[in-house]
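A.B. asks: So the sequence shown is numbered by my numbering: it starts at 7 and just counts up by one.
Cβ coordinates follow ideal geometry from the N, Cα and C atoms, glycine included.
Got a structure here, written out as structure tokens. Questions coming.
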Amino acid sequence: MARRLTLTEFIIEEQRMHPGATGDFTGLLSDIALAAKLIAREVRSAGLGDILGASGSTNVSGDEVKKLDLFADETLVNVLERGGHLAGMASEEREGPIPIPEEYPAGKYVVLFDPLDGSSNIDANVGVGTIFSIFGRAGEGARGGLEDLLQPGNRLLASGYVIYGSSTVFVYTTGFGVHGFTLDPTIGEFILSHDAIETPERGKILSANEGNLSLWPEGARAYVSYLKEEDSASGRPYRSRYVGSLVVDFHRNLLHGGIFLYPEDSRNPKGKLRLLYEAAPLAFVAEQAGGLASTGRDRILDVVPSSLHQRVPLAIGSAKDVRLYERFVRGDRP
Ligand code: AHM
Ligand code: MG
Numbered sequence: 007m008a009r010r011l012t013l014t015e016f017i018i019e020e021q022r023m024h025p026g027a028t029g030d031f032t033g034l035l036s037d038i039a040l041a042a043k044l045i046a047r048e049v050r051s052a053g054l055g056d057i058l059g060a061s062g063s064t065n066v067s068g069d070e071v072k073k074l075d076l077f078a079d080e081t082l083v084n085v086l087e088r089g090g091h092l093a094g095m096a097s098e099e100r101e102g103p104i105p106i107p108e109e110y111p112a113g114k115y116v117v118l119f120d121p122l123d124g125s126s127n128i129d130a131n132v133g134v135g136t137i138f139s140i141f142g143r144a145g146e147g148a149r150g151g152l153e154d155l156l157q158p159g160n161r162l163l164a165s166g167y168v169i170y171g172s173s174t175v176f177v178y179t180t181g182f183g184v185h186g187f188t189l190d191p192t193i194g195e196f197i198l199s200h201d202a203i204e205t206p207e208r209g210k211i212l213s214a215n216e217g218n219l220s221l222w223p224e225g226a227r228a229y230v231s232y233l234k235e236e237d238s239a240s241g242r243p244y245r246s247r248y249v250g251s252l253v254v255d256f257h258r259n260l261l262h263g264g265i266f267l268y269p270e271d272s273r274n275p276k277g278k279l280r281l282l283y284e285a286a287p288l289a290f291v292a293e294q295a296g297g298l299a300s301t302g303r304d305r306i307l308d309v310v311p312s313s314l315h316q317r318v319p320l321a322i323g324s325a326k327d328v329r330l331y332e333r334f335v336r337g338d339r340p
């Protein structure tokens with residue numbers, strides 16, 4: 007049987023298709039994979055040391071920060087700042103742009119990341135993950151400043167995520183399909199396990215925090231009631247699956263089909279999830295797998311960010327499900 011490719015081998019082959027590729031991009035993705043392995047090791051031993059538990063501070067979005075969030079954030083910054091591939095970074099855990107120290111060379115890319123999505127789930131042993139976005143620099147001027155970081159998702163060069171769950175998986179796209187790799191702990195390498203992932207055109211799963219249903223706008227409430235009606239011809243009722251780690255709920259629906267919904271509500275009038283660290287990178291993956299991502303009104307990848315921690319309503323997953331949701335939002339229900 008042919009040996010399966012490692013993540014690095016796969017990226018090198020993919021980059022050969024790009025004339026003029028310098029190896030910088032390959033180096034950057036390898037750096038992200040290294041940081042992911044360091045985070046995976048720490049997550050695996052979370053229950054063992056005093057690293058588990060709240061660190062007592064809150065992040066810029068007002069959420070309680072767990073120690074592992076800080077570990078993941080610092081690991082990504084430490085690994086990525088010295089690689090020479092980046093002009094700047096931004097993290098969900100930090101308020102402003104993260105500069106590359108003068109002692110390291112600056113590169114032509116910027117990276118934005120949610121270091122540990124779903125971190126409120128850690129002490130219950132539920133899967134968590136890292137989400138990342140890679141852009142080219144927007145201009146020659148600022149070195150990794152806001153101009154480089156505030157770019158719409160339609161300019162993403164690559165995005166992806168790593169899940170620290172029952173196994174550690176690395177999923178990414180550079181605009182040529184979506185590929186998934188599983189960490190083989192015996193050799194410390196990510197091995198190609200999900201080549202060219204295609205998400206079902208229509209799913210059977212609804213993932214939403216229905217505890218907020220009474221706070222949602224009418225379109226979202228009507229849509230969820232519709233999915234619960236019984237009609238075998240249209241595959242209803244849908245199954246409900248909501249872990250509360252976006253990256254995990256998204257990954258399951260990507261493989262099996264379904265829709266993840268986090269609409270705006272009366273407490274979070276702009277939605278809860280962050281455009282740059284969560285919605286846009288997952289939207290690029292969803293579209294590359296044949297799915298869609300929408301605010302309910304607009305394509306997520308076309309939303310132009312005006313601030314680093316901007317929130318956005320999110321409906322993401324199988325194309326037919328997201329399109330139907332948009333119809334309910336417009337008041338044009340079937
Ligand atoms: P975070 O853990 O990076 O702060 O992300 C926010 C999380 C998502 O992973 C998840 O989908 C959502 O918040 C759950 O929110 P809620 O508890 O309101 O359902
Ligand atoms: Mg998150």
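Using three-state DSSP, classify R280 as helix, strand or coil.
C.D. replies: Here the question's residue 280 lines up with position 274 in the sequence shown. Strand.
A.B. asks: Closest by CA to S231, which one among P340, A42, A27?
C.D. replies: Taking the sequence shown and counting its residues from 1, the one referred to as residue 231 is at position 225. Closest by alpha carbon: P340.
A.B. asks: Where do the ends of the beta strand (DSSP E) carrying H200 lie?
C.D. replies: On the sequence shown, residue 200 is found 194 positions in, with the first residue counted as 1. Start and end: 195 to 200.
A.B. asks: Under 6 Å from any heavy atom of ligand 2, does the C-beta of D37 make it?
C.D. replies: By one-based count along the sequence shown, residue 37 stands at place 31. Outside the cutoff, so no.
A.B. asks: Grab me the residues of F290's own chain with a C-beta within less than 7 Å of its C-beta, minus the 5 sequence neighbours each way, in chain order.
C.D. replies: For this step, residue 290 is matched to residue 284 along the sequence shown. Result list for F290: G159, L162, S165, T179, L307, in chain order.
A.B. asks: Pop quiz: T188 and I45 are said to be a contact at Cβ under 8 Å. What is the actual Cβ separation, rounded to whole angstroms?
C.D. replies: In the sequence shown, residue 188 corresponds to position 182, counting from 1. In the sequence shown, residue 45 corresponds to position 39, counting from 1. 16 Å between Cβ atoms; not a contact.
A.B. asks: Determine the direct distance from the alpha carbon of G29 to that of G183, and round the result to whole angstroms.
C.D. replies: Here residue 183 corresponds to residue number 177 of the sequence shown, with the count starting at 1. Here residue 29 corresponds to residue number 23 of the sequence shown, with the count starting at 1. Going from the Cα of G183 to the Cα of G29 covers about 20 Å.
A.B. asks: For V8, does the three-state DSSP call read helix, strand or coil?
C.D. replies: By one-based count along the sequence shown, residue 8 stands at place 2. The sequence shown places Ala at residue 8, rather than the Val named in the question. In the structure shown, A8 sits in coil (DSSP, three-state: anything other than H, G, I, E or B).
A.B. asks: Could you tell me the alpha carbon to alpha carbon distance between G94 and T174, rounded to whole angstroms?
C.D. replies: Numbered from its first residue, the sequence shown carries residue 94 at position 88. Numbered from its first residue, the sequence shown carries residue 174 at position 168. Cα to Cα, the separation comes out at about 27 Å.
A.B. asks: Heavy atom of ligand 1 less than 6 Å from the Cβ of D120, yes or no?
C.D. replies: The residue given as residue 120 occupies position 114 in the sequence shown. D120: yes, Cβ under 6 Å from ligand 1.
A.B. asks: Report the CB separation of T81 from I197 in whole angstroms; it is logged as a contact under 8 Å.
C.D. replies: Here residue 81 refers to the residue found at position 75 of the sequence shown. Here residue 197 refers to the residue found at position 191 of the sequence shown. That pair is no contact at about 22 Å.
A.B. asks: Hey, would you say I104 sits closer than 7 Å to A112, going by beta carbons?
C.D. replies: Against the sequence shown, residue 104 aligns to sequence position 98. Against the sequence shown, residue 112 aligns to sequence position 106. Contact: no.
A.B. asks: Skipping 5 residues on each side, what residues in its chain have a beta carbon closer than 6 Å to that of A325?
C.D. replies: Position 319 of the sequence shown, counted from the start, is the residue given in the question as residue 325. Excluding positions up to five away in sequence, the list reads E207, G297, L298.
A.B. asks: Among A144, L156, L261, whose alpha-carbon lies nearest the alpha-carbon of L118?
C.D. replies: As a first step, residue 118 must be located in the sequence shown, where it is residue number 112. The option with the nearest alpha carbon to L118 is L156.
A.B. asks: For G142, which residues of its own chain have a beta-carbon under 7 Å away from its beta-carbon, when the five flanking residues on both sides are left out?
C.D. replies: Position 136 of the sequence shown, counted from the first residue, corresponds to residue 142. Counting only Cβ-Cβ distances below 7 Å, and skipping sequence neighbours, we find K114, Y115, L163.
A.B. asks: Can you name, in chain order, every residue of its own chain whose Cβ lies under 8 Å from the Cβ of R50, other than the five neighbours on each side?
C.D. replies: Taking the sequence shown and counting its residues from 1, the one referred to as residue 50 is at position 44. Contacts found: Y170.
A.B. asks: Would you list the residues sitting across from F16 in a DSSP beta bridge?
C.D. replies: Within the sequence shown, residue 16 is the residue found at index 10, counting from 1. None, per the DSSP bridge assignment.
A.B. asks: Do N215 and ligand 1 come close, with the Cβ less than 6 Å from some heavy atom?
C.D. replies: In the sequence shown, the residue the question calls residue 215 occupies position 209. Yes, the beta carbon of N215 sits closer than 6 Å to at least one heavy atom of ligand 1.
A.B. asks: Taking only runs of the beta strand (DSSP E) that begin and end inside the region 168 to 236, which ones reach a length of at least 3 residues, in chain order?
C.D. replies: The region 168 to 236 contains these whole beta strand (DSSP E) runs: 174 to 179, 184 to 190, 195 to 200, 211 to 214.
A.B. asks: Which of the three DSSP states is assigned to A292 in this structure?
C.D. replies: In the sequence shown, counting from the first residue as 1, residue 292 sits at position 286. DSSP places A292 in helix when its eight states are reduced to three.
A.B. asks: Could you please give me the residues that DSSP links to Y115 through a beta bridge?
C.D. replies: What you label residue 115 is simply residue 109 of the sequence shown in a count that begins at 1. In DSSP, Y115 forms a bridge with L92, G142.
A.B. asks: Under a three-way DSSP split, which group does Y268 fall into?
C.D. replies: Looking up residue 268 in the sequence shown gives position 262. Here Y268 sits in strand by DSSP.
A.B. asks: Shorter than 6 Å, the distance from the beta carbon of G296 to the closest heavy atom of ligand 1, or not?
C.D. replies: Here residue 296 refers to the residue found at position 290 when the sequence shown is read from its first residue. No, ligand 1 has no heavy atom inside 6 Å of this Cβ.
A.B. asks: Quick one: what's got a C-beta closer than 8 Å to A333's C-beta in the same chain, skipping five residues either side?
C.D. replies: Here residue 333 corresponds to residue number 327 of the sequence shown, with the count starting at 1. For the record, residue 333 in the displayed sequence is Arg; it is not Ala. Excluding residues within five positions, the ones whose Cβ falls inside 8 Å are R339, P340.
A.B. asks: Helix, strand or coil for T301? Go by DSSP, reduced to three states.
C.D. replies: Locating residue 301 in the sequence shown gives position 295, counting from the first residue. It is coil, neither helix nor strand.
A.B. asks: By DSSP, does S251 sit in helix, in strand, or in coil?
C.D. replies: In the sequence shown, the residue the question calls residue 251 occupies position 245. Of the three classes helix, strand and coil, the one that applies to S251 here is coil, per DSSP.
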